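Notes follow the structure.
Protein chains in written order, with the working numbering: chain A, 61 to 1140; chain B, 18 to 455.
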């Protein structure tokens, strides 16, 4: 008795201490003490030698929470699942008081391993039932999944066997959805694999069934003669293999066709699955079609509209640390080689960071987690997208934390040195315990990203909420019916939390609840007020191992009147209802007098047609030669020239080839088609990689000759294949190579113009890099054609150039040269009346414009007579972050005195300055770094290049930097260029090429973008393949439009072929003709 | 551990009385054994790949030898002029120098440059020097010996630095070739190929890396009649039907410096000595069993580590020439997707077997010194949790090391047979060319 008393006292003090409220700007949560709420639940683990992190990989995944009103009293009740203790059910008594009814309600009292839990009306009787997933068939664990049927009087009867849902294996979570729209809830059961000896093999294993780990699909036939669920896994065509490490699940109408689809988040190497409902009892897995990459260790998922554009977006959680030291100490992305191997095994691109997949409305999803800074929340589980401050923008809540961090590199390399094979079974248990004890432990705070405007979120650091914890399953519900959403969190080795929403604001809300839950699942509510509209979907199972409120909650900010709501029932049947009061919960019944809505008509009327040219890159692995470079430089090009080669008045094309592929001349026919004109001399030069070209009259004979720049980063400088070529035109488009001594560099760009006004065209050739010496500037050349010979006007190391333009910027009658490139500013070289060029970058206001520029276009966009510059950069959707005060630095020196340049990049991430590459990668190039920092912990404290290399910045051979990553409009003025960032959508990816059109006095800028060839530390940048920017009057760019190109496009050039046709040239792919306003 | 404390304690108590006990310690070959063992432990801790580990052993050992040779030039021959690019080390002019201490000091000094964990090395060194001081080592002797040891170490290190090791750090990695016959990274970690440019490292005795090119490997063919296919299936079948003895042999000679285990997010690494490290261990056994004195002990290590060093270069030259695919890759692709070899496949091409080449070469060096009928109990792997094994001769041990790779499922028979021949050529050549004893 005394013992118990003491225990209570202790607990009391603990709770006093955690009764702290946290100010998150306008969003505030207060962790309620269990003493006040009566919520006496902890998911506490006890080490055993049979079951621990070494024996069961998901030992620390924790439990879940399910929310639902089991007794229909208007208050949502709570079910908590536990791993090694009995689950508990709590009745909501109002005012955030709860009563434990686990015993009286008839729950099992055993301590079998529970995972995910859902509350759904499984049998359609108007009372919520409970489905609990179990690890039921592993080591010393033996149980099966449970279905508690609600008897209507707050008691339950376990009926899983009766309904055919008593599966025993590795279940994570089930999702209930009406996949055949017959009015009852069917069930997708997500199971997970456990590791075999081999961590991964070929993805063909996906088609092999696994009875314990494979996912299953059950059709509800309770109302049919079977009176049970029927396993329809095979028929449904879902994967049922041991490849799936299913941890995240949500059912949502992902393609907006009125039928429920599924997103399954898999851990490790296996792709996430997006199952699109084929409306015939089958699904088609479509992750490759719908996304360009997903999170890798996907653990949680939610789907809701982030930007209030009417299309629901996807957020998935991963495990990227946000703390510099934890980040540098933890195993990171796969190497590029392993990534390549996984691709060959049939796995899609996955990156170990959270993903915010923005729904384009065009059946594609583009990750913007990097741009929105939602990508790193450490070891994360739940993701819940809801409006927690009723300001009408959906925020994102993320739980995180793991008790033991097995991916700590010091642990793996230095502490874990044990071979179990050498020990007796009796000794192994103790060894395992020692091993586990040595794994680092780190409690961290959960995250709340407050959504400010549909795109910007409050910074991660200020929005951390609560206190450090190991939080797993979580759910939201307005538990006290006060109009804001509270959070419920299941913690490991700690009390579960009720986080009462105590945000102070005057925002309005409205919520809805369906009278019949089982046949309303998946319904969407569109809410209209004035010119605003919002959409929400009735989804409960979401986040991680949990299910949230059955109410549909809208934050309304200051909206005080709802015009109407439109309910879109499954199968897109719509019902419009008016007359709702705000700041209330409203019950909705499905009426019969409703009509079937026509499918959301696609507003996409573009047409793409393959152009008969396919650029094929050869296999060259830059990273095998240069270990510390951030991107491949071998996949540049192809070259494109559009000009009239045969003098018939029609513009023909030259498209350059990659290495082992010759360039081709396409002659435009009168009917508008293009035909290849065979050019034996060009064909002979297939070994060169053509990265740029220009047509100009080199020999002043009245036709256009062709200058082709050789690049590819494979041939070193001065090697034969690095030499540029000039081909003379015979006037009919047949070219002959002119044996001339031209630059031997890894070229990038050619521009031609008459620099001295002597009537003969001169040219500039800019070089991309010095192969094997990334970072150093190669020579670029301004070459004057005297008519008799070529004279080098200038040979300078101008930078790692990507693009160039001749244009008379200062209107003195002589063309000036504007160039751009990597680790350099937009550079302006002013022509000194034909006698030479002087760098006037700073004078033109571009001194701080160092970026990773891909392209420049000179135009007068606002018709003010001053030339403006459109410049394409990396954009903001990158792990690279830079601005004037926090530049990215590239330190170039031979740090280990072995005759090779070692390029070392430092950048600012999570507010701290750190090395871009990991210790392992740096050590490969400079072994002495391992000697200096034997442990990862020491390395994680490196703050400067001097710390790392012993050389101060003053002593270093060359330092380059990046201060601007945004794609820009530089508006010309008398005081120099004024920068205007292009709209946020245009910053979602690299911009590679622009075209400027003026149609009826309106300027339209079209661009193509994306960039595949980054190291895995950055990942492919492919969240915007092309767009159109207008509204250059006030530069607000609110009228931005997508070009609706496939999101896999790695675009390099866009060229207008006719009034409504554009040629889109892709790297390592076909070229396409785009017709934007296509009428069938 | 306990014993060491006892010894130190004892010394502290009795140190001031026995003023020249340090002389006994410095004449005791165990002092050098201690230095070698310290280096081995750090090599294991720091995780060096087998070829790089052979380099970490060889230069400190050569430095120690060159010091000892100065003292015993009537017995031992200078390596200058025998090893590529090595000039005579400077003579000692200070009569206070204790050559054994200078040898040990030069050994530690170079080791420190080649390993990563300097703290561990310093601890090992300090422990020894503290002991010697407590045994009455005069400061003047110590300083003179250190000075000479460092002089020799500098000389050797300057020479070592010209072996192209630093340059090869930035040479290109192996680009995966997709054709069936070429080596590809292997499960579970799919690591990059180790040291594709090791042939660029300066050899010590061999004329060049390709001094002894083995005959080309069998043409990779999955035709059921082909000899290659027979050998592939031999690996598959042997591993599937391994008896306990064969499995024991394979595990005993695994010598994998970094064996990774994956259990979900949890990853562990078991670290062991390298194949070269195992032969350094056998050298310790042989020198002790033969009661070799201080200089004889260093001489044995010197011969063995030079053999190992050149044998690795010769072997790696062939590996990255023939680029032969590992059995695991082909068996998983064409025979049995779930097949896993007993040992983890090391991350470099198959042909020829490194253990076969280097074990044979090292065994020949030891045979030259200690004869062919030298039976011994191999206890090298005991501290890594493996049993002891008994051998009649060094060659007997090397033959078992070679065949163990077939039992382990990581080599075809051709790589073992030809590896032994290659190792024999390397070993015999070095035995013939390298003269350490007059």
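Glycine residues also receive a C-beta, built at the ideal position from the N, C-alpha and C atoms. A quick note: this is a predicted structure, and the numbers were derived from the prediction, not measured.
query: Sequence ranges, beta strand (DSSP E) only - wholly within the stretch 554–604 of chain A, length at least 3; result: 557–561, 568–574, 584–589 and 592–597
query: Cutoff 7 Å; reference residue 962 of chain A; Cβ partners in own chain excluding five residues on either side; result: 688, 953, 954, 955, 956, 985 and 986
query: Where the beta strand (DSSP E) through residue 165 of chain B begins and ends; result: Residue 165 of chain B -> not in any beta strand (DSSP E); alpha helix (DSSP H) instead, spanning 156–177.
query: Collapsed DSSP secondary structure at residue 72 of chain B in the structure displayed; result: helix
query: N-terminal and C-terminal residue of the alpha helix (DSSP H) that residue 96 of chain A is part of; result: 94–97
query: N- and C-terminal bounds of the alpha helix (DSSP H) containing residue 320 of chain B; result: 311–339
query: Chain A residues whose Cβ lies nearer than 9 Å to that of residue 336 of chain B; result: None at all; the shortest Cβ gap to chain A is about 17 Å.
query: Rounded separation between residue 216 of chain B and residue 339 of chain B - CA only; result: 13 Å
query: Any C-beta of chain A under 9 Å from that of residue 192 of chain B; result: yes
query: Segment contact, 8 Å Cβ cut-off, at least three pairs: the stretch 243–263 of chain A with the stretch 221–233 of chain A; result: yes
query: Helix, strand or coil at residue 25 of chain B according to DSSP, with G and I counted as helix; result: Per-residue confidence for residue 25 of chain B stands at a pLDDT of 43, beneath the threshold of 50, marking its modelled position as unreliable; no derived number is given.
query: Per DSSP, the bridge partner or partners of residue 841 of chain A; result: A:825 and A:855
query: CB contact check: residue 905 of chain A to chain B, cutoff 9 Å; result: no
query: Where the alpha helix (DSSP H) through residue 1058 of chain A begins and ends; result: First-last for residue 1058 of chain A: 1051–1059, but that is the beta strand (DSSP E), not the alpha helix (DSSP H).
query: DSSP bridge partner residues for residue 237 of chain B (one or two, in chain order); result: According to DSSP, residue 237 of chain B bridges with nothing at all.
query: First and last residue of the uninterrupted alpha helix (DSSP H) at residue 991 of chain A; result: 988–992
query: Buried or exposed by the 16-neighbour rule on C-beta atoms within 10 Å, applied to residue 186 of chain B; result: buried
query: Nearest neighbour of residue 904 of chain A, chosen from A:124, A:919, A:882 and A:929 [CA to CA]; result: A:929
query: Amino acids of chain B, ordered along the chain, whose beta-carbon sits closer than 7 Å to that of residue 681 of chain A; result: 192
query: Limits of the alpha helix (DSSP H) - the one that residue 356 of chain B falls within; result: Looking at the DSSP string, residue 356 of chain B is not in any alpha helix (DSSP H), and its letter there is neither H nor E.
query: Exposure of residue 720 of chain A, with buried meaning 16 or more beta-carbon neighbours within 10 Å; result: exposed
query: Three-state secondary structure assigned by DSSP to residue 284 of chain B; result: strand
query: C-beta atoms of residue 1109 of chain A and residue 1082 of chain A nearer than 9 Å; result: yes
query: contact_flag[the stretch 729–738 of chain A, the stretch 754–772 of chain A] where n(CB pairs < 8 Å) is 3 or more; result: no
query: Residue 975 of chain A in three-state terms, based on DSSP; result: strand
query: Unbroken beta strand (DSSP E) run spanning residue 753 of chain A, endpoints; result: 749–756
query: N-terminal and C-terminal residue of the beta strand (DSSP E) that residue 426 of chain A is part of; result: 425–427
query: DSSP bridge partner residues for residue 344 of chain A (one or two, in chain order); result: A:336
query: Contact the stretch 619–628 of chain A vs the stretch 294–311 of chain A: 3+ CB pairs below 8 Å; result: no
query: Contacts that residue 476 of chain A makes with chain B (C-beta to C-beta distance below 9 Å); result: 278, 283, 284, 285, 286 and 287
query: The beta strand (DSSP E) enclosing residue 963 of chain A, as first and last residue numbers; result: 962–969
query: N- and C-terminal bounds of the beta strand (DSSP E) containing residue 276 of chain A; result: 276–281
query: Coil, strand or helix - residue 82 of chain A by DSSP; result: Low local confidence applies: a pLDDT of 40 at residue 82 of chain A is under 50, so the model's placement there is unreliable, and no value is given.
query: Short CB-CB distance (under 9 Å) between residue 63 of chain B and chain A; result: yes
query: Contact residues within the stretch 423–447 of chain B, judged by C-beta distance below 8 Å to chain A; result: none
query: 7 Å CB neighbourhood of residue 351 of chain B in its chain, flanking five on each side removed; result: 239
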